[in-house]
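What follows is a short report on a single structure.
Numbering (the UniProt record's numbering), first residue to last: 1 to 417.
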């Protein structure tokens with residue numbers, strides 16, 4: 001039985017439809033003038049190779065904050081806020097955190113950007129990746145969301161399809177969600193894209209006119225030419241391994257799909273959680289992401305859980321179309337209505353109906369996001385257009401960095417939304 005129909009027949013399950021969610025936020029440490037910091041990992045944070053919550057990503061100035069998974073948005077943001085405040089308090093003198101997904105002012109000589117000090121095997125991989133892709137593109141930052149379904153929920157839903165083992169059912173659920181999220185990436189790009197262009201000196205060609213999200217576009221963004229296969233977990237693993245053998249990917253970790261299946265051993269133990277990698281930094285809030293975005297993600301993921309799976313013979317075609325659709329939306333002018341406005345409104349109609357039972361968001365919050373569909377000037381990228389000309393975008397990002405740092409120092413318990 002399809003899960004949506006099963007839940008409709010067992011309405012008490014609505015109270016158990018919840019999601020565990022963890023957050024990863026990347027931000028660059030910068031100088032007071034908006035250049036990548038040349039200072040080492042803050043000493044007050046201890047050993048950068050041992051800190052599991054605040055670490056370095058690709059280059060030494062690219063800091064990543066990682067939370068544990070939590071059942072509520074509030075708890076996840078509380079931990080992210082604590083990490084953010086800890087990092088800000090530990091920054092070297094005159095350092096700030098760059099709040100924009102496109103890089104700060106890059107040096108003319110990119111060799112000045114030192115790779116993160118990690119274990120030798122990981123450092124060697126970063127060297128190869130820098131040579132292959134160039135440091136400029138890898139300097140983009142964003143937000144990754146890690147989410148999993150509670151075991152109790154999976155056990156209850158498994159009763160709708162008892163012919164599947166616990167692992168097979170879990171994989172089925174995660175694969176279905178991954179497929180749907182790939183289809184809906186364009187909507188995330190529209191609602192939460194916050195990357196209309198470069199803010200300052202950049203070493204790669206970019207469009208002359210503003211777009212919704214450079215980072216989420218196919219040619220200009222943080223992506224590669226790897227092929228995708230989400231027809232099954234074995235197919236997903238085999239596809240990535242084949243591309244490593246063929247030299248398309250340096251290693252499995254170079255697969256930059258919008259959604260990644262995660263687990264200790266995908267083939268033997270199955271999927272443990274999904275990593276969704278499509279979110280630009282929100283430069284209007286100090287944490288890079290807000291409560292509204294996370295609550296919407298929770299609602300959308302649980303909506304996708306209850307949808308029918310795509311037929312296996314249609315997955316490749318549907319996801320290829322979805323990639324084209326997302327690229328189109330990413331490169332639209334942010335102050336123009338999207339070509340897919342009707343489709344976006346249809347999604348909201350479904351979510352409003354489901355939320356009446358789940359109450360994961362207030363009606364006002366859903367309406368606030370729906371208004372972004374009706375009025376593109378309310379989207380994050382469109383709001384950034386007032387800072388578009390000349391060096392205004394760089395000045396805005398630097399002012400935000402300064403303001404967020406001052407607020408954190410004066411009022412450590414500042415709010416993220």
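Even for Gly, the Cβ is constructed at its ideal location relative to N, Cα and C.
So, is residue i buried or exposed, given that buried needs 16 or more other C-beta atoms within 10 angstroms?
i, result
"residue 317", "exposed"
"residue 415", "Any answer about residue 415 is weak, because its pLDDT of 47 lies below 50 and its placement is not dependable; what the coordinates show is given next. It is exposed - the Cβ of residue 415 has fewer than 16 other Cβ atoms within 10 Å."
"residue 233", "buried"
"residue 409", "exposed"
"residue 215", "buried"
"residue 390", "exposed"
"residue 422", "Only positions 1 to 417 of the chain appear in the structure, and residue 422 is not among them; the question remains open."
"residue 111", "exposed"
"residue 11", "exposed"
"residue 147", "buried"
"residue 121", "exposed"
"residue 257", "buried"
"residue 33", "exposed"
"residue 209", "exposed"
"residue 375", "exposed"
"residue 349", "exposed"
"residue 241", "exposed"
"residue 201", "exposed"
"residue 345", "exposed"
"residue 311", "exposed"
"residue 313", "exposed"
"residue 80", "buried"
"residue 44", "exposed"
"residue 377", "exposed"
Going straight from the alpha carbon of residue i to that of residue j, what length do you get?
i, j, result
"residue 356", "residue 265", "38 angstroms"
"residue 51", "residue 23", "16 angstroms"
"residue 367", "residue 276", "24 angstroms"
"residue 274", "residue 253", "14 angstroms"
"residue 417", "residue 282", "Residue confidence is low: residue 417 scores 45 on pLDDT, short of 50, so the model does not pin down where it sits. Its coordinate-derived value is still stated next. Residue 417 and residue 282: Cα-Cα distance of roughly 11 angstroms."
"residue 100", "residue 195", "8 angstroms"
"residue 125", "residue 372", "41 angstroms"
"residue 63", "residue 114", "13 angstroms"
"residue 132", "residue 235", "26 angstroms"
"residue 9", "residue 315", "29 angstroms"
"residue 339", "residue 221", "21 angstroms"
"residue 36", "residue 129", "20 angstroms"
"residue 152", "residue 161", "15 angstroms"
"residue 386", "residue 211", "13 angstroms"
"residue 188", "residue 330", "10 angstroms"
"residue 295", "residue 363", "12 angstroms"
"residue 20", "residue 61", "30 angstroms"
"residue 347", "residue 309", "17 angstroms"
"residue 326", "residue 219", "12 angstroms"
"residue 13", "residue 190", "32 angstroms"
"residue 398", "residue 269", "46 angstroms"
"residue 139", "residue 238", "29 angstroms"
"residue 17", "residue 4", "12 angstroms"
"residue 332", "residue 324", "13 angstroms"
"residue 341", "residue 229", "28 angstroms"
Please report the Cβ distance between residue i and residue j, rounded to the nearest whole angstrom; I am assuming they are in contact, meaning their Cβ atoms lie under 8 angstroms.
i, j, result
"residue 319", "residue 227", "The pair is not a contact, with the Cβ atoms about 10 angstroms apart (cut-off 8 angstroms)."
"residue 292", "residue 360", "That belief does not hold up - the Cβ atoms of residue 292 and residue 360 are roughly 12 angstroms apart, past 8 angstroms."
"residue 96", "residue 401", "4 angstroms"
"residue 66", "residue 73", "Rounded, the Cβ-Cβ distance is 17 angstroms, inconsistent with contact."
"residue 53", "residue 142", "Incorrect: roughly 18 angstroms between the Cβ atoms, too far for contact."
"residue 90", "residue 42", "4 angstroms"
"residue 384", "residue 303", "Not quite, the Cβ-Cβ distance comes to about 29 angstroms (not below 8 angstroms), so this is no contact."
"residue 351", "residue 306", "Not a contact, Cβ separation roughly 12 angstroms."
"residue 38", "residue 118", "So it is not a contact: roughly 18 angstroms between Cβ atoms."
"residue 199", "residue 380", "The Cβ separation is near 14 angstroms, so there is no contact."
"residue 177", "residue 104", "Incorrect: roughly 35 angstroms between the Cβ atoms, too far for contact."
Would you say the beta carbon of residue i is closer than 7 angstroms to some non-hydrogen atom of the ligand FAD?
i, result
"residue 374", "The ligand FAD is not among the ligands present in this structure, which contains no ligands whatsoever."
Next item on the list: May I ask you to verify whether the region 154-168 touches the region 199-210, counting CB pairs closer than 8 angstroms and requiring at least 3?
Entry: no
Note to self: Quick check: the region 240-256 against the region 165-176, are at least 3 beta-carbon pairs closer than 8 angstroms?
What the structure shows: no
Next item on the list: Enumerate, from N- to C-terminal direction, the unbroken beta strand (DSSP E) stretches of 3 or more residues contained entirely within the region 222-262.
Entry: 259-262
Checklist line | Ranges of the alpha helix (DSSP H) found wholly within the region 296-356, counting only runs of at least 4 | finding: 315-330
Margin query: Could you tell me which whole beta strand (DSSP E) segments of length 3 or greater appear in the region 118-196?
Written below: 143-148
Notebook entry, point to check: Quick one: complete alpha helix (DSSP H) runs, 4+ long, within the region 23-79?
Noted result: none
Next item on the list: May I have a chain-ordered list of the beta strand (DSSP E) segments no shorter than 3 residues that lie completely inside the region 84-118?
Entry: 96-98
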